[in-house]
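For the sequence shown, the positions run 371 to 429 when my numbering is used.
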Amino acid sequence: MKRIFPFTLIVLTCLSLSSCSVIEGIFKAGVWSGIIIVVVVVALVIWLLAKLFGGGSKN
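Have a look at this one:
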């Protein structure tokens, strides 16, 4: 079950976020807000992957 969850999460994210519509929304909102959104999303993905795949050893 633990191995299926990350794969399912990645597939669901890829299917729900169409890259063209995301880019279109970024350009409508403006360049700086787009940069901020991209940085926040990348940081969130890195944090989530770190938590899922051993973000620290708890004994």
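C-beta: ideal position from N, C-alpha, C; glycine also.
DSSP state of PHE375, grouped into three classes? What you label residue 375 is simply residue 5 of the sequence shown in a count that begins at 1. Helix.
Please report the straight-line C-alpha distance between LYS398 and GLY404, rounded to a whole angstrom. Looking up residue 398 in the sequence shown gives position 28. Looking up residue 404 in the sequence shown gives position 34. Their backbone Cα atoms lie some 9 Å apart in a straight line.
How many whole angstroms separate the CB atoms of ILE396 and ILE407, which I take to be in contact at a CB cut-off of 8 Å? Taking the first residue of the sequence shown as position 1, residue 396 is located at position 26. Taking the first residue of the sequence shown as position 1, residue 407 is located at position 37. Between ILE407 and ILE396 the Cβ distance is about 7 Å, and since that is below 8 Å, they are a contact.
With DSSP collapsed to three states, give me the class of GLY400. In the sequence shown, the residue the question calls residue 400 occupies position 30. It is coil, neither helix nor strand.
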